[in-house]
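S.K.: Residue numbers (the numbering used here): 107 to 267. Quick one: this structure, given as structure tokens, is what I'll be asking you about.
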């Protein structure tokens, strides 16, 4: 009897876990694998607080992990983790970490911390150097256009764009 109940319970738990990961994949730019907590990893493991406070982006450490909206983020220190936990949205990239220029043109492209800009205390990531240079030609138009477009594509699966 136990096996009859165990298998459906296991199947249900697995389905729910995969559904949460799939949702995060569509709304957040996450790594393809899961963290030790079973959630996807945001910003490719780069400490989001370091984007604002350090001279250059710092890799996070799984020892300092915080979750926000179904996505795990790694931090370089306990202090950075505490800063994030005090106000997560202040440190997360716009558009779920997808490339801001990609969102501007209606796509969800990978956001790379090497090509980033902070405007009005908001972090914007870009897919590569060429796209970043294109963005720099008219920042305001790209940012405004991306914010307008995001509402339409936020919940759209990446493969459907």
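Cβ coordinates follow ideal geometry from the N, Cα and C atoms, glycine included.
Cβ atoms of residue 257 and residue 206: under 8 Å apart, would you say?
M.R.: no
S.K.: How would you write the range of the beta strand (DSSP E) that residue 137 sits in, first residue to last?
M.R.: 136-140
S.K.: List the DSSP bridge partners of residue 152.
M.R.: 165
S.K.: Can you grab the Cα-Cα spacing for the pair residue 130 / residue 197, in whole Å?
M.R.: The predicted model places residue 130 with a pLDDT of 46, which falls under 50 and marks its position as unreliable; any figure quoted below should be read in that light. Straight-line Cα distance between these residues: approximately 18 Å.
S.K.: Tell me whether residue 156 is buried or exposed, calling it buried when 16 or more other Cβ atoms sit within 10 Å of its Cβ.
M.R.: buried
S.K.: Verify whether the separation of the beta carbon atoms of residue 225 and residue 249 is less than 8 Å.
M.R.: Residue 249 is positioned such that its CB atom lies closer than 8 Å to that of residue 225.
S.K.: Shortest alpha-carbon distance to residue 160 belongs to which of 172, 139, 183 and 150?
M.R.: 183
S.K.: For residue 174 and residue 194, what's the separation of their Cα atoms in angstroms?
M.R.: Taking the straight line joining both Cα atoms gives about 7 Å.
S.K.: If you draw a straight line from the C-alpha of residue 200 to the C-alpha of residue 228, how long is it?
M.R.: 7 Å
S.K.: With DSSP run on the structure shown, which of helix, strand or coil describes residue 327?
M.R.: As shown, the chain starts at 107 and ends at 267. That puts residue 327 outside it, with no answer to give.
S.K.: Assign residue 215 to one of three DSSP states: helix, strand, or coil.
M.R.: coil
S.K.: Buried or exposed: where does residue 265 fall if 16 or more other Cβ atoms within 10 Å of its Cβ makes it buried?
M.R.: exposed
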